[in-house]
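Let me begin by presenting the structure, written as structure tokens, before commenting on it.
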Amino acid sequence: MPDLALRIARRIRREGPLSIAAFMAIALHDPDAGYYARHDPLGAAGDFITAPEISQIFGELIGLWCADLWRHLGEPQSVILAELGPGSGALLEDFLRAASVLPKFRRALDLCLVEASPVLRARQQRRLAGLGARFIADIDALPPGKLLLIANEFLDALPIRQLVRGRAEWAERLVALDDQDRLVFADGPENPATTLLVPPALRAQPQGTLVEICPPAAALAAALGERLVREPGTALFIDYGYYPSAPGGTLAALRRHAPVLVLDDPGGADLSAYVDFAAFAAAAGAAGAIVHGPVTQGRFLTALGAEARLAALSAGATKAQRGALESGLGRLIDPAQMGNLFKVLALTSPGLPAPAGFD
Ligand code: SAH
56 MPDLALRIAR
66 RIRREGPLSI
76 AAFMAIALHD
86 PDAGYYARHD
96 PLGAAGDFIT
106 APEISQIFGE
116 LIGLWCADLW
126 RHLGEPQSVI
136 LAELGPGSGA
146 LLEDFLRAAS
156 VLPKFRRALD
166 LCLVEASPVL
176 RARQQRRLAG
186 LGARFIADID
196 ALPPGKLLLI
206 ANEFLDALPI
216 RQLVRGRAEW
226 AERLVALDDQ
236 DRLVFADGPE
246 NPATTLLVPP
256 ALRAQPQGTL
266 VEICPPAAAL
276 AAALGERLVR
286 EPGTALFIDY
296 GYYPSAPGGT
306 LAALRRHAPV
316 LVLDDPGGAD
326 LSAYVDFAAF
336 AAAAGAAGAI
346 VHGPVTQGRF
356 LTALGAEARL
366 AALSAGATKA
376 QRGALESGLG
386 RLIDPAQMGN
396 LFKVLALTSP
406 GLPAPAGFD
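Residue 56 is where the sequence shown starts when you use this note's numbering, and the numbers rise one by one after that.
What follows is the structure in structure tokens.
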């Protein structure tokens, strides 16, 4: 058994079963053996691939989208550009290249990165050297000021809890040990307090139904909502997920682009779950943010002019480069690939016009 699995087993023997959220937090972020503590998931020998790694057009269009919002904010001389989970730094690099066509906008950007992984922090530092980016612990540590915040495939990495409908109430699915000390899923007792965690729209489901909730995503939405009421700005979230809320288990482990069992190799595989955009929107809206979307990634990128950008890039490209540009963008937009599953949601301060792509 790998070391981290042994440590988790020891802890369960001592303290009892763990919530799936507690298991995910250890598996992903344990400082010695957690997945993000040791791996570069996006490296050449990585475990998954994301939109900014597939096409430069993705980050470029987000850069121009933010430039438009900066105009709505009154072209301030300084605006915070925060990215949650910047990965390899590709999105930000493409963003800044596109932003440099508007030198006043580019000069105004105060870059703040939120990144849990020391491996990825080092990679971002190398890639973005000299661009004046700094790391902050979380959004509570953002400096005051007007805000543009972006996050691609960040929410899906946040720990979720799984709740199961019992006979009368809901129960929490836990990570426990079987009689041979292997990690297994086991349902805790039915409990009216657990029922209260289930989104009201999903409570009346048949026995055995599984529902996922993501408390850290709801907390982030609420904190951003409060901030956007206090200070003008916007936040853009792109991820795979569903809208409206839906039952079903989506927690999955990936290694080398292939699914593996969630409990098999804690720390060795990426863990993620679909984002419940309805729950995220509700939490942000309740805190006062104006919610736009979600719209599908395909529709969003098309509305932002993805095809025109492709044509412009293709004009100066070789035949092979043109093919790569086309298939990359196709992958992001095609409904059968990432175009429908991935969704885009924006939060803005009250009083700002609807951002591009959401009108
Ligand atoms: N946005 C990038 C990377 C997505 S992978 C891209 O699109 O390619 C998820 C990213 O979020 C990684 O950078 C990961 O290290 C970071 N991350 C995951 N959980 C985090 C947390 N709790 N706090 C800060 N960063 C986190």
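Glycine residues also receive a C-beta, built at the ideal position from the N, C-alpha and C atoms.
Since we're looking at a predicted model, the values are computed, not measured.
Let me make sure I understand the geometry here. Which of the options has the alpha-carbon closest to that of residue i?
i    : options                : result
E381 : A361, P390, V399       : A361
V330 : G378, P271, A344       : P271
P255 : A301, T289, G221       : A301
D195 : D85, V253, L279        : L279
R69  : P390, E108, A231       : A231
F49  : D165, G353, D320       : Residue 49 falls outside the range modelled here, since the chain spans only 56 to 414, and no answer is possible.
A82  : T105, G322, L309, R65  : G322
L166 : P173, S155, I191       : I191
F292 : A274, D414, A401, L197 : A401
R176 : L407, I63, P96         : P96
A274 : P408, L164, G118, I215 : I215
W125 : A163, I63, G114, Y90   : A163
R310 : L59, L365, L407, Y90   : Y90
P198 : N395, G406, R285       : R285
A396 : L252, L407, D294       : Checking the sequence shown, residue 396 turns out to be Leu, not Ala. Here the closest residue by C-alpha is D294.
C269 : D58, A375, A76         : A76
Please list, in chain order, all residues of the same chain as residue i whose beta carbon is under 7 Å from its beta carbon, the five residues on each side excluded.
i    : result
G304 : Q217, L265, E267
E224 : E245, N246, P247, T249, T250
P173 : A92
G383 : I109, S110
F160 : A122, W125, A154
A409 : H347
D193 : V169
D58  : A88
A171 : H84, Y91
R178 : D95, S143, G144
When the Cα atoms are used, what is the spatial distance from residue i to residue j?
i    : j    : result
A92  : A339 : 30 Å
P72  : A307 : 20 Å
P261 : H312 : 34 Å
D242 : L61  : 21 Å
R188 : I112 : At residue 188 the sequence reads Ala, which differs from the Arg that was named. So the two alpha carbons sit approximately 22 Å from each other.
A88  : A324 : 11 Å
H415 : R237 : Here the chain has residues from 56 to 414 only, and residue 415 is not among them.
A290 : L203 : 6 Å
A372 : A379 : 10 Å
L440 : G144 : In the structure as shown, the chain starts at 56 and stops at 414, and residue 440 therefore has no counterpart that could be examined.
L146 : G221 : 44 Å
G385 : L359 : 15 Å
D85  : H94  : 12 Å
Q392 : D234 : 42 Å
Y298 : R65  : 38 Å
V239 : G353 : 38 Å
A367 : L116 : 13 Å
L257 : S74  : 20 Å
S369 : L387 : 17 Å
G114 : I345 : 24 Å
P107 : L157 : 21 Å
I31  : A137 : One cannot answer for residue 31 here, as it falls past the ends of the chain, which runs 56 to 414.
T105 : D414 : 26 Å
A259 : L119 : 44 Å
V317 : R364 : 39 Å
L252 : R377 : 49 Å
A80  : P141 : 19 Å
Go through its chain and collect everything with a Cβ distance to residue i's Cβ below 6 Å, but skip five positions before and after it.
i    : result
L139 : V169, A206, F209
V350 : V399
G200 : I135
A276 : F335, A338, A339
V219 : A226, R228, D242, L265
P287 : L128, K201, S404
A212 : S327
E281 : A342
G412 : F355, A358, L359
V315 : A308, A324
F332 : G296, Y298, P349, K398, L400
Quick check: is any heavy atom of the ligand COA less than 8 Å from the C-beta of residue i?
i    : result
P107 : Among the ligands in the structure shown, the ligand COA does not appear; only the ligand SAH can be found there.
Can you find the residues in the same chain that come closer than 8 Å, C-beta to C-beta, to residue i, ignoring five residues on each side of it along the sequence?
i    : result
P390 : T351, G353
L407 : L124, H127, L128, P287, T289, I345
G263 : V219, R220
Would you call the segment 128-137 and the segment 99-115 touching, i.e. three or more CB-CB distances under 8 Å? no
Counting Cβ pairs closer than 8 Å, one from the segment 171-188 and one from the segment 144-154, do we hit at least three? yes
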